[in-house]
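**Student:** Chains as they are written, first to last, in UniProt numbering: chain A, 1 to 366; chain B, 1 to 366; chain C, 1 to 366; chain D, 1 to 366. Yeah, the Cβ is synthetic: ideal placement off N, Cα and C, and Gly gets one too. All of these numbers come straight from a predicted model, not from anything done at the bench.
Number of protein chains: 4
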Amino acid sequence: MERRKVGILGATGMVGQRFIQLLNHHPWFEITWLAASDRSAGKTYGEACKWKLDTPLPAKIAAMTVQPNVPEGATGELPKIIFAALDADVARELEPKFAAAGCAVISNSSAFRMVADVPLVVPEVNSDHLSLIETQSWRKESGGYIVTNPNCSAIGLVLALKPLEERFGIESLFVSTMQAVSGAGYPGVPSLDIMGNVVPYIKNEEEKMQEEVGKLLGSLSGNHIEMLDAKVSAHCNRVAVEDGHTECVSIKFKKKATREEILAAWSEFAPLDSAHLPTAPDQPVEYDTAVDRPQPRLDRMRGNGMAATVGRLRECSLLDWKFVVLSHNTIRGAAGAAVLNAEVLALLGKLDPLKKAANSPVAVGA
Amino acid sequence: MERRKVGILGATGMVGQRFIQLLNHHPWFEITWLAASDRSAGKTYGEACKWKLDTPLPAKIAAMTVQPNVPEGATGELPKIIFAALDADVARELEPKFAAAGCAVISNSSAFRMVADVPLVVPEVNSDHLSLIETQSWRKESGGYIVTNPNCSAIGLVLALKPLEERFGIESLFVSTMQAVSGAGYPGVPSLDIMGNVVPYIKNEEEKMQEEVGKLLGSLSGNHIEMLDAKVSAHCNRVAVEDGHTECVSIKFKKKATREEILAAWSEFAPLDSAHLPTAPDQPVEYDTAVDRPQPRLDRMRGNGMAATVGRLRECSLLDWKFVVLSHNTIRGAAGAAVLNAEVLALLGKLDPLKKAANSPVAVGA
Amino acid sequence: MERRKVGILGATGMVGQRFIQLLNHHPWFEITWLAASDRSAGKTYGEACKWKLDTPLPAKIAAMTVQPNVPEGATGELPKIIFAALDADVARELEPKFAAAGCAVISNSSAFRMVADVPLVVPEVNSDHLSLIETQSWRKESGGYIVTNPNCSAIGLVLALKPLEERFGIESLFVSTMQAVSGAGYPGVPSLDIMGNVVPYIKNEEEKMQEEVGKLLGSLSGNHIEMLDAKVSAHCNRVAVEDGHTECVSIKFKKKATREEILAAWSEFAPLDSAHLPTAPDQPVEYDTAVDRPQPRLDRMRGNGMAATVGRLRECSLLDWKFVVLSHNTIRGAAGAAVLNAEVLALLGKLDPLKKAANSPVAVGA
Amino acid sequence: MERRKVGILGATGMVGQRFIQLLNHHPWFEITWLAASDRSAGKTYGEACKWKLDTPLPAKIAAMTVQPNVPEGATGELPKIIFAALDADVARELEPKFAAAGCAVISNSSAFRMVADVPLVVPEVNSDHLSLIETQSWRKESGGYIVTNPNCSAIGLVLALKPLEERFGIESLFVSTMQAVSGAGYPGVPSLDIMGNVVPYIKNEEEKMQEEVGKLLGSLSGNHIEMLDAKVSAHCNRVAVEDGHTECVSIKFKKKATREEILAAWSEFAPLDSAHLPTAPDQPVEYDTAVDRPQPRLDRMRGNGMAATVGRLRECSLLDWKFVVLSHNTIRGAAGAAVLNAEVLALLGKLDPLKKAANSPVAVGA
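1. Do you know whose CA, among B:56, B:169, B:102, B:41, lies nearest residue 261 of chain B's CA?
2. Using a C-beta to C-beta distance shorter than 7 Å, which residues of chain D count as neighbours of residue 156 of chain B?
3. For residue 381 of chain A and residue 188 of chain A, I'd like the C-alpha separation in whole angstroms.
4. By Cβ distance, which residues of its chain are closer than 7 Å to residue 171 of chain D, with the 5 residues on each side in sequence left out?
5. For residue 10 of chain D, which residues in the same chain have their Cβ closer than 7 Å to its Cβ, ignoring the five residues on either side in sequence?
6. With a threshold of 8 Å between beta carbons, is residue 297 of chain A in contact with chain C?
7. Return the CA-CA distance between residue 269 of chain C and residue 52 of chain A, expressed in angstroms with no decimal places.
8. For residue 369 of chain A, which of B:312, B:301, B:147 has the nearest alpha-carbon?
9. Check each candidate in B:27, B:306, B:315 and name the one with the smallest Cα separation from residue 326 of chain B.
10. Shortest alpha-carbon distance to residue 45 of chain C belongs to which of C:27, C:76, C:13, C:23?
11. Need the endpoints of the alpha helix (DSSP H) that residue 161 of chain D sits in, please.
12. By the three-class DSSP mapping on this structure, what secondary structure does residue 314 of chain A have?
13. Span of the alpha helix (DSSP H) holding residue 137 of chain B?
14. For my contact list, residue 95 of chain C and residue 146 of chain C are in at a C-beta cut-off of 8 Å; report their separation, rounded to the angstrom.
15. Would you tell me roughly how many angstroms separate the C-alpha atoms of residue 317 of chain D and residue 249 of chain D, rounded to the nearest one?
16. Have a look at residue 207 of chain B and residue 124 of chain D and give me their C-alpha separation to the nearest angstrom.
17. In the DSSP assignment, the beta strand (DSSP E) including residue 206 of chain C goes from what residue to what residue?
18. Look at residue 236 of chain B and residue 153 of chain B and say whether their C-beta atoms are less than 8 Å apart.
19. Are any of the Cβ atoms in chain D nearer than 8 Å to that of residue 210 of chain C?
20. Does chain D have any CB closer than 8 Å to the CB of residue 196 of chain C?
21. Is there contact between the stretch 296-305 of chain A and the stretch 208-221 of chain B, where contact requires at least three CB pairs shorter than 8 Å?
22. Since residue 114 of chain B meets chain D, which of its residues come closer than 9 Å, beta carbon to beta carbon?
23. Run through DSSP, which three-state label would residue 190 of chain C get?
24. What residue range does the beta strand (DSSP E) around residue 288 of chain B cover?
25. Just to check my reading of the structure: residue 247 of chain C and residue 157 of chain C have Cβ atoms closer than 8 Å, yes? What is that Cβ distance to the nearest angstrom?
26. Could you tell me which of B:150, B:142, B:101 sits nearest to residue 115 of chain B, measuring between CA atoms?
27. From what residue to what residue does the alpha helix (DSSP H) around residue 105 of chain B run?
28. Where residue 347 of chain D and residue 340 of chain D are concerned, what is the direct C-alpha to C-alpha distance, given to the nearest angstrom?
29. When DSSP labels each residue in this structure, what does residue 131 of chain C get in the three-state scheme?
30. If I follow the unbroken beta strand (DSSP E) through residue 231 of chain D, where does it start and stop?
31. Would you say residue 301 of chain B lies against chain D (beta-carbon separation less than 8 Å)?
32. Please report the distance separating the alpha-carbon of residue 264 of chain D from that of residue 287 of chain D.
33. Quick one: give me the first and last residue of the alpha helix (DSSP H) that residue 35 of chain D is part of.
34. On the criterion of 16 or more Cβ atoms from any shown chain inside 10 Å, does residue 107 of chain B qualify as buried, or is it exposed?
35. Out of B:113, B:93, B:164, which one is the CA nearest neighbour of residue 323 of chain B?
36. Could you tell me which chain C residues have their CB closer than 7 Å to the CB of residue 54 of chain A, listed as they occur along the chain?
Structural data, given as structure tokens:
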């Protein structure tokens, strides 16, 4: 099968690098276009990028010329699938241009996540929300659209919450995070701020977690999303960890749940046909029985970095239950989330053809 | 004024070292006796101890001979004031022997904290509980007694809570901690477990926090403590920080409180006559208005390591208010807490004479 | 092809865990026996071991029963190939027993490295030294023998040095190391000793580096090794890195070398038939042209953790040239080194049959 | 005694903050003027500065208005003593303007260190070089001049070397550094670059160390400095340490030295009248006999951060001796060095009066 051509916006940043790492040998997608800010455009990717991953920068990618961050700037053909790893301000300006140019913009930015007709999707949680793209004006005009994935701190959490919401209903929850520095990009967090330290503040992060959980666990009703009616209170902290966000959760259900029922909800959670989605983990939520897990250094790479690990399920003296959830913030929480969104869109026939809304699923990967 | 002679049990450990650091130039106390386990007894302190603090080991202390961990083992005179920095198992066996031998045992151990007639005290919070010592059987027989300070993770918290409890009443609270490695002693946490990592578990810590808060904020009623009737739910985590425990708190009051009222409660909190207590900080709870404070590396040494710093007061979508509190875990949270307990006992006349229960305050430091 | 049965001595430690990780899917070897100290013997491996790697403990291994650390303790058949990850003191006692029992002991310990008839081997550097096993008394009696690999800090260094020694001759060198904490095992280095710190001392390490380099680069002359006649001065330091030893080298050659000649010596260094050795890296020494490389976090996993990375070649104002070399200390520097030794022994026919010295290479992997 | 008014150029950076910390309660100097770049000028210091030290920002300083970085920009009186903590590029432009305006510019920048008529001084090492200021053209015209202190990595080293050079003569030396992140300023080193990592490169650092050592240990001959004729080879590395540079040294002397002679040279090294210089440590070079010292976390604050600690003296198999030296890079290695230079200049009468070259020592502090 021929691989679909894809481009990466914001290719030189931390999430852009993860896109390259995850897409380099992807069976369905082929990187044919890389774009970054004016500072980088015109250089080879190898010159423009300070590669920070522990797998080598692929030679073919290093030799590609970085394009300007605009649809018309594309030398040769602009791919119709664009993975976007832009800061919110830049995304707010650029992503609509690519959607208007007929591209499927698979965005990791916060810019449009809470916009009513933009799907905010984690495929295991709410892939039905993807149908919102058909209501976007770009879609009607050019076939293009914008799909977003949530904040890195929300993804692991909603993976753990979704099977609980389905079975017990969530009334309220606390979450206190300990987030890795890679979530702030590069150069990001100065070493003097975080070595041997904790910073109990990440700008806008608590607000994002609270509202994104509501939309992700909300229900599609016709052409809009009914937010989940649950109280969510988040405390967000930065800690001296390279990769992997750890989150302490206390939760109250609408319906009483036993320990066994909760563990069953997690272990039986398999909403996707992972065999046919290259990036989907076999088990999206893994429970570790050890008393001191999950831990970012040991558990972030489960499911090739796409699984969330839960642990320490125990009773809460204030709400019902307490547990800890961990996930890799730049794989599951960013680039991998976007790639999985694209894979599901491919399965749904939303990537090809783009010119008109497709209704019949294309047998991708069959 | 002549300084009172004091001894240190468990002198070679991390808290033992902090006792030496804090007592070395103390105006009221003089270290005349050091004891440690059999492995160390008989050696000089300089030989026995792997000194881990960044101030020099005092030469006079280095030359002292470490005594066995038993009252009868004392070469020369056994001091009547014993600061104890023992593991709980050892404390459970040894501390009563020293109390029975007529010593005021100022303990940092968890062994007796929750025993009904043992005061669990943070002087700014509940110094009236100290009167419980008069009900101890050792006190009646030998004049000796045991006084304890709380767990390192509970101390900063109750300092922040006490002025709020006084004014608004606490109904429930959620606390999620990020605790420093020094809290686990030496060698303590292996570097492979914590570098670039988070361990979301500290043995017995959540239980200790929950129950100790209840006793500390409880009220003395005749000869026993009425526990505070509030729900407390704790999540305890170890992070890659040397010193300083950071805690995220959500809290619900019995009586509504405004932001200004809460800030006033903290800023006006001055329960001790700090001018007459060498180790008491001028302001036990300091509020920092910066959006990203408190931080352990920057704030742990406020008030010479004895002040708690609070910050980030904001509304909670689930309970009433959220904030962050930080305190130094081996100074305010351990050795300094015990020294301050001893200072208050001295002011109350409970250190001298020990043979009979003293009722009239001795004018120490006047 | 049937896989050869192998055992692991000291299976629960850090290097033991790496052996399991590297051998679990090895095409030539199959783990059938695990042994550890009395504390662990009798338990399942899953119970006995605190698994510290970021790949999951294989379920099959977790279920195996840990055997006592003695040849006669083997339940079922004792494998004839034993990977040993023991502390030097224990190795000194146990490894000869296994050799005497007819086992090929592939040791990572320092106990016998400098013994005259024990080969100290890095296959890319001095695989001809392996013939020393034929002179061992165990070999003659039972077929068993001991082969060792060097200290983790010496391996990366000699990989970088070997092609230079071949072409230019080494007269003297200075090496200053910055070594990862995993080199000290688990629990190993206390976090309070190394977080935000440097410890400029590792017991016996400088001596080991200096003498092992001499033997590794020495020449086999009949039945003994002529040490390399070069002055080596080592400074060894522990730094806050999980995995990967970084070493700064200044070197003086017997014959002048240009920058291009040195780079060519490294890039052309391909002493092994890596296509036929599963663990051998394609390129054992990789030069990185970036001004700030190699770095442990970014480069340790090159060649699946088996390649050494060199960088920063520049003139030395005192000797001839300066450079930096980095290698993974528990893969290339320990378990991987031993596995590669075993692979070469297999190719040489020294693993099968063990009862008599084999002279004809067995076509393994062909 | 009235304190002299001083100003700080580059007051908001890491070294600027250390100047404020060290000068805030200085008995001889009083901060009356703070300047920083256009971005900060006009704001209060509290607004302009992200304070990163663990002692509180003094309230009086926080309230001061930051002035523009130019002599004519001074609101009120421009102090005649200026401590400069500027990047080299900025220093190259601005420091001469202040010297021309009649200020004694006590500079921490590298811009003019190697200029022939600018003294590069560590008072314990070469305070006689200060007389070079009299040859500066600014001095003749306005009374102003520039004095510099060395790079943070050179200072600890030359403190250890000076007593050895005096007694044995230095022929050649290797030095391999492990430098703290604070040396790169703020934001400086990104956390993703250094957490769990080593960066074996610091721009221009090896060149600076090599040439500055030559000038510092050089001898004043009339109006110029004869560089020390010794070969120096430096390897410079960045490690995950907040403060404190650790350096491994191998050294060859012109005259043989015994261990005892070297230890005596260090312990007897007391070139300054420390009783009359507030910032001078009693013992500039302290030898620690423990096998694993010095260590940055434990030893950097000796002598209030102004002493260098040496340790691990042992024979070198290549040169004569090996040792480790450590010093605090932003106190001894930067702001403290400059303050001590100013104190010595005060003692020499070079601070007052500035209009003409003073020959008679002023009895400061007498």
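**Tutor:** Reading it off the structure:
1. Here the question's residue 261 of chain B lines up with position 261 in the second sequence. Closest option to residue 261 of chain B, Cα to Cα, is B:169.
2. As a position in the second sequence, residue 156 of chain B is number 156, starting the count at 1. Neighbours of residue 156 of chain B on chain D: none; closest Cβ ~17 Å, over 7 Å.
3. Residue 381 of chain A is absent from the model: chain A starts at 1 and stops at 366.
4. Numbered from 1 along the fourth sequence, position 171 holds the residue referred to as residue 171 of chain D. So the qualifying residues of the chain are 230, 252, 253, 254.
5. Counting from 1 along the fourth sequence, the entry for residue 10 of chain D is found at position 10. 16, 36, 84, 85, 86.
6. Here residue 297 of chain A is taken as the residue at index 297 of the first sequence, counted from 1. For residue 297 of chain A, the answer is yes, since a Cβ of chain C falls inside 8 Å of its Cβ.
7. If you number the third sequence from 1, residue 269 of chain C lands on position 269. If you number the first sequence from 1, residue 52 of chain A lands on position 52. Using only the alpha carbons, I get a separation of about 27 Å.
8. The first residue shown for chain A is 1 and the last is 366, placing residue 369 of chain A beyond what the model contains.
9. Position 326 of the second sequence holds residue 326 of chain B. Closest option to residue 326 of chain B, Cα to Cα, is B:306.
10. Position 45 of the third sequence, counted from the first residue, corresponds to residue 45 of chain C. Out of C:27, C:76, C:13, C:23, C:13 has the C-alpha closest to the C-alpha of residue 45 of chain C.
11. For the purposes of this step, residue 161 of chain D is taken as residue 161 along the fourth sequence, with counting starting at 1. Residue 161 of chain D -> alpha helix (DSSP H) spans 152-168.
12. In the first sequence, the residue the question calls residue 314 of chain A occupies position 314. Three-state result, residue 314 of chain A: strand.
13. Translated into positions along the second sequence, residue 137 of chain B becomes position 137. It spans 137-142 - the alpha helix (DSSP H) in which residue 137 of chain B sits, taken as one unbroken run.
14. Taking the third sequence and counting its residues from 1, one reaches residue 95 of chain C at position 95. Taking the third sequence and counting its residues from 1, one reaches residue 146 of chain C at position 146. Confirmed, about 6 Å.
15. Stepping through the fourth sequence from its first residue, residue 317 of chain D is reached at position 317. Stepping through the fourth sequence from its first residue, residue 249 of chain D is reached at position 249. Their Cα atoms are separated by approximately 13 Å.
16. On the second sequence, residue 207 of chain B is found 207 positions in, with the first residue counted as 1. On the fourth sequence, residue 124 of chain D is found 124 positions in, with the first residue counted as 1. Each residue's alpha carbon lies about 56 Å from the other.
17. Position 206 of the third sequence, counting from 1, holds the residue named residue 206 of chain C. Careful: residue 206 of chain C lies outside any beta strand (DSSP E), inside the alpha helix (DSSP H) at 205-216.
18. Position 236 of the second sequence holds residue 236 of chain B. Position 153 of the second sequence holds residue 153 of chain B. Against a cut-off of 8 Å, the Cβ pair of residue 153 of chain B and residue 236 of chain B comes out as a contact.
19. In the third sequence, residue 210 of chain C corresponds to position 210, counting from 1. Cβ-Cβ to chain D under 8 Å: yes for residue 210 of chain C.
20. As a position in the third sequence, residue 196 of chain C is number 196, starting the count at 1. Interface residue, yes.
21. no
22. The residue given as residue 114 of chain B occupies position 114 in the second sequence. Near residue 114 of chain B there are no residues of chain D at all, since even the closest Cβ is about 35 Å away, more than 9 Å.
23. In the third sequence, residue 190 of chain C corresponds to position 190, counting from 1. Three-state DSSP puts residue 190 of chain C in a strand.
24. In the second sequence, counting from the first residue as 1, residue 288 of chain B sits at position 288. Run containing residue 288 of chain B: 285-288, per the beta strand (DSSP E) assignment.
25. Within the third sequence, the letter at position 247 stands for residue 247 of chain C. Within the third sequence, the letter at position 157 stands for residue 157 of chain C. Going by Cβ atoms, the distance from residue 247 of chain C to residue 157 of chain C rounds to 6 Å, so yes, they are a contact pair.
26. Along the second sequence, read from residue 1 onward, the residue named residue 115 of chain B stands at position 115. Closest option to residue 115 of chain B, Cα to Cα, is B:150.
27. As a working mapping, residue 105 of chain B is identified with position 105 in the second sequence. Segment 104-107 is the beta strand (DSSP E) holding residue 105 of chain B; no alpha helix (DSSP H) there.
28. Taking the fourth sequence and counting its residues from 1, the one referred to as residue 347 of chain D is at position 347. Taking the fourth sequence and counting its residues from 1, the one referred to as residue 340 of chain D is at position 340. Approximately 11 Å between the Cα atoms of the pair.
29. As a working note, residue 131 of chain C is residue 131 in the third sequence. Looking at residue 131 of chain C - three-state DSSP - the assignment turns out to be helix.
30. In the fourth sequence, the residue the question calls residue 231 of chain D occupies position 231. Residues 231-235.
31. Position 301 of the second sequence holds residue 301 of chain B. Taking Cβ atoms only, chain D reaches closer than 8 Å to residue 301 of chain B, which makes this a yes.
32. The sequence position of residue 264 of chain D within the fourth sequence is 264, counting from 1. The sequence position of residue 287 of chain D within the fourth sequence is 287, counting from 1. C-alpha separation (whole angstroms): 10 Å.
33. By one-based count along the fourth sequence, residue 35 of chain D stands at place 35. Looking at the DSSP string, residue 35 of chain D is not in any alpha helix (DSSP H); the run it does join, the beta strand (DSSP E), is 29-35.
34. The residue given as residue 107 of chain B occupies position 107 in the second sequence. Buried, because 16 or more other Cβ atoms sit within 10 Å of the Cβ of residue 107 of chain B.
35. For the purposes of this step, residue 323 of chain B is identified with residue 323 of the second sequence, where counting begins at 1. If we check each option's Cα against that of residue 323 of chain B, B:164 comes out closest.
36. As a working note, residue 54 of chain A is residue 54 in the first sequence. Under the 7 Å cutoff, chain C gives 297, 298, 301.
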